[in-house]
Amino acid sequence: MKNAFHVMLIPTLGCPARCSYCWSSEEGSPVMKIETIREVVEWLKHFRKDQVTITFHGGEPLLAGVDFYRQALPMIAEGLRELTPEFALQSNLWKLTPELADVLAQYNVPVGSSIDGPQEICDSQRGAGYFAKTMQGYEIAKAHGVSVRFICTFTSRSVKSKEEIFQFFLQNRFTLKLHPALPSLRNSNPDQWALPPPEYGELLVYLLDQALEHASEIDIMNINDLVRCVFTRRGNVCTFANCMGNTFAVGPDGLIYPCYRFVGMPEYVMGSVSDRPSLETLMNSDAGKLMLQYKEYVDTACGTCRHIKYCRGGCPYNAIAPTAGKIEGVDPHCVAYKRIFDEISDRINTEIFGGPGFEMTGFGTPQAKGSKPKIMTLMHKIVTR
Ligand code: SF4
Ligand code: SF4
841 MKNAFHVMLI PTLGCPARCS YCWSSEEGSP VMKIETIREV VEWLKHFRKD QVTITFHGGE
901 PLLAGVDFYR QALPMIAEGL RELTPEFALQ SNLWKLTPEL ADVLAQYNVP VGSSIDGPQE
961 ICDSQRGAGY FAKTMQGYEI AKAHGVSVRF ICTFTSRSVK SKEEIFQFFL QNRFTLKLHP
1021 ALPSLRNSNP DQWALPPPEY GELLVYLLDQ ALEHASEIDI MNINDLVRCV FTRRGNVCTF
1081 ANCMGNTFAV GPDGLIYPCY RFVGMPEYVM GSVSDRPSLE TLMNSDAGKL MLQYKEYVDT
1141 ACGTCRHIKY CRGGCPYNAI APTAGKIEGV DPHCVAYKRI FDEISDRINT EIFGGPGFEM
1201 TGFGTPQAKG SKPKIMTLMH KIVTR
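Numbering (my numbering), first residue to last: 841 to 1225.
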């Protein structure tokens, strides 16, 4: 939807897992009170008239417990009925109980969970026992009708096993969504696990080939999104759209930030739900102005890039958080974005306008036997969904 916006609710920054590369959990973090949800509803009632997606994120949002969701979900669904709220939740599923699963199913809350590949690889970076606990939660979710998709974080180590990880997702028929591990701002060795941008770019090209080769067997969400971006010439996920003013996060104490990634960093507080701030007030805060300055900076810094329309300088958090709020460059993943956007654009141009050995099969026409899988075929699959 054109003017849809996104509010992430962070019930706590606490998490029972101890993933080696995690930068977003905080021990001893308080848990959001139901009164804060009431304030969120009152704030959003008069904030915008557009459709809203509410994502519960963390830390681990299920630490808030079943009673929290039994009250919060109907409160939001009914209080914001005019904004037709859709829900989502990001969780490792360790704390999922049958009771919680029933509440999530009742309100159609799809869950994004995290598995980094087969057990050995996953536990080597997320800690012993992680895989088994998440799979246990997954079984509960399935049994109670909760839809679950897994996100796979690729680190500087696990990227070396990309073939094995891909096969794990393929064989289990799991949709694959990937995240590159980011430098941790809370660690003395921030780059230890981070996926270097050039390797991220090569990983995306590898996954593009796999997505084409196995188009009928697996969906790789990032590849679908990237292909759609190039085709429509418009960013369709937050990283490649201007998220400023369209995404907000509310921390456990009701403070508002530009995104869940900034929660707990006092310099990025935009306001408080208890004050029911307008969009204008939020964007006039120091954090709001910084986000808008980044948008303007991208117009110049990326001005000559062929991908600017559907990349928009990548994620502002990646660009400004590591430099303590100074805008000194665009998202460091630029190298990866250029690599994959170039690859997709060049292949599409070859398919549409011809190239050496090119045979036009037409949009959605099944490819000839023995020929290399084509992006047009993948695009056809995406648009006919
Ligand atoms: S700051 Fe980055 S992760 Fe957060 S909404 Fe914006 S693009 Fe997405
Ligand atoms: S690929 Fe790099 S230069 Fe091009 S728009 Fe994206 S961040 Fe800017």
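Here a beta-carbon is modelled for each residue, glycine too, at the ideal position from N, C-alpha and C.
- Around ligand 2, the residues whose beta-carbon falls short of 5 Å from at least one of its heavy atoms are C1142, C1145, H1147, I1148, C1151, G1153, G1154, V1170, C1174, Y1177 and K1178, given in chain order.
- Sorting M872, E1003 and Q891 by C-alpha distance to the C-alpha of A917 places Q891 at the top.
- Below 8 Å, too few C-beta pairs join the segment 1090–1097 and the segment 1170–1182 to call them touching: fewer than three.
- Taking a 10 Å sphere around the C-beta of S869, we find 16 or more other C-beta atoms and assign the residue as buried.
- Only residues of its own chain outside the window of five on either side were considered, and among them V951, S953, Y978 and A981 have a CB closer than 6 Å to the CB of V988, listed in chain order.
- One residue list follows from the rule of a beta carbon closer than 7 Å to any heavy atom of ligand 1, given in chain order as C1078, T1079, C1083, T1087, P1098, C1099, Y1100, R1101, C1155, P1156, Y1157 and N1158.
- For I1167, the three-state secondary structure derived from DSSP is coil.
- Here DSSP, grouped into helix, strand and coil, assigns A1159 to helix.
- Per DSSP, H1220 lies in no beta strand (DSSP E); the unbroken alpha helix (DSSP H) holding it starts and ends at I1215 to V1223.
- The C-beta of H897 has 16 or more other C-beta atoms within 10 Å across all chains shown, which makes the residue buried.
- In the three-state scheme derived from DSSP, where H, G and I count as helix and E and B as strand, K982 is classed as helix.
- With a minimum length of 3 residues, the unbroken runs of beta strand (DSSP E) contained wholly in the segment 928–980 fall at 951–954.
- Ranked by Cα distance from A844, the options T1087, Y1177, D1115 and K1129 are led by T1087.
- Counting the other CB atoms within 10 Å of its CB gives F1193 a total below 16, which places it among the exposed residues.
- DSSP, read as helix, strand or coil, puts S1114 in helix.
- Residue environment for G1091: buried (at least 16 other C-beta atoms within 10 angstroms of its C-beta).
- Ranking T924, E879, F971 and A1089 by CA distance to the CA of Y1157 puts A1089 first.
- In this structure the segment 1027–1044 does not lie against the segment 1106–1126, because fewer than three pairs of beta carbons, one per stretch, are closer than 8 Å.
- Per the coordinates, the alpha-carbon of K1129 lies some 29 Å from the alpha-carbon of E875.
- Taking 3 residues as the minimum length, the segment 1031–1074 contains no beta strand (DSSP E) run wholly inside it.
- Annotated as distal: A904 and V880, with beta-carbon spacing of 8 Å or more.
- Under the three-pair Cβ rule at 8 Å, the segment 1013–1021 counts as touching the segment 1048–1061.
- In this structure, DSSP gives I850 a state outside helix and strand, which the three-state scheme calls coil.
- Here the alpha carbons of E939 and C1083 stand approximately 35 Å from one another.
- In chain order, I1063 place their CB closer than 6 Å to the CB of L1048, counting only its own chain and leaving out the 5 sequence neighbours on each side.
- Rounded to the nearest angstrom, the gap between the Cα atoms of M1123 and M1110 is 8 Å.
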